[in-house]
Amino acid sequence: MTKLTYIANDGTQFDVEAENGSTVMENAIRNAVPGIEAECGGACACATCHVYVDEAWTSEVGEPEAMEEDMLDFAYDVRPNSRLSCQIKVRDALDGLVVRVPERQG
1 MTKLTYIAND
11 GTQFDVEAEN
21 GSTVMENAIR
31 NAVPGIEAEC
41 GGACACATCH
51 VYVDEAWTSE
61 VGEPEAMEED
71 MLDFAYDVRP
81 NSRLSCQIKV
91 RDALDGLVVR
101 VPERQG
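Under UniProt numbering, think of the first position of the sequence shown as 1, with each following residue one higher.
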């Protein structure tokens, strides 16, 4: 299992044990992390699972692909470390990953 940490907009921290192969979004939904709406269910067709990847993890998580970049245009307060959590696959190398949930979703 891979440990993920979500920090809600109000500062509440959610530590989650996630299965490799799942997504950061799926684990947020399973664990009722507030602010992750995931209206499209992970199809990269909306921007309601937007997160900020902690700066220490941006290189390991990697850059968004073209379709995700297009969807991020609809997200609220996009930053250089913005990602859609449905597009981040959990793997061993992400053990300890920290993501922050924005004030609101797009």
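Glycine included, each C-beta is placed from N, C-alpha and C at the ideal position.
On the criterion of 16 or more Cβ atoms from any shown chain inside 10 Å, does N20 qualify as buried, or is it exposed? Within the sequence shown, residue 20 is the residue found at index 20, counting from 1. Burial call: exposed.
What residue does the beta strand (DSSP E) around T58 start on, and which one ends it? On the sequence shown, position 58 is the one that residue 58 refers to. Not the beta strand (DSSP E): T58 falls in the alpha helix (DSSP H), residues T58 to V61.
Is it a yes or a no for the stretch 29–42 touching the stretch 56–67, going by three-plus beta-carbon pairs under 8 Å? no
Other residues of its chain near Y52: CB distance less than 7 Å, five sequence neighbours each side excluded: For this step, residue 52 is matched to residue 52 along the sequence shown. Answer for Y52: R79, N81, S82, V99, R100 and P102, listed in chain order.
Which residues DSSP lists as bridging residue 163, in chain order: Outside the shown range of the chain, which is 1 to 106, sits residue 163, and nothing can be said about it.
Determine the burial state of Q105: buried for a count of at least 16 other Cβ atoms within 10 Å of its Cβ, exposed for fewer. As a working mapping, residue 105 is identified with position 105 in the sequence shown. The residue is buried, with at least 16 neighbouring Cβ atoms inside 10 Å.
How should Y76 be labelled, buried or exposed, when 16 other C-beta atoms within 10 angstroms of its C-beta is the threshold for buried? The sequence position of residue 76 within the sequence shown is 76, counting from 1. Exposed, because fewer than 16 other Cβ atoms sit within 10 Å of the Cβ of Y76.
By Cβ distance below 7 Å, which residues in the same chain neighbour E17 in space, the five residues on each side in sequence not counted? Working through the sequence shown from its first residue, we reach residue 17 at position 17. Only M1 and K3 meet the Cβ criterion.
Which residue or residues does DSSP assign as beta-bridge partners of T23? Position 23 of the sequence shown, counted from the first residue, corresponds to residue 23. DSSP, once it has assigned bridges, lists K89 as partnering T23.
If you run the structure through DSSP and keep just helix, strand and coil, what is R83? Stepping through the sequence shown from its first residue, residue 83 is reached at position 83. R83 falls in the strand class under three-state DSSP.
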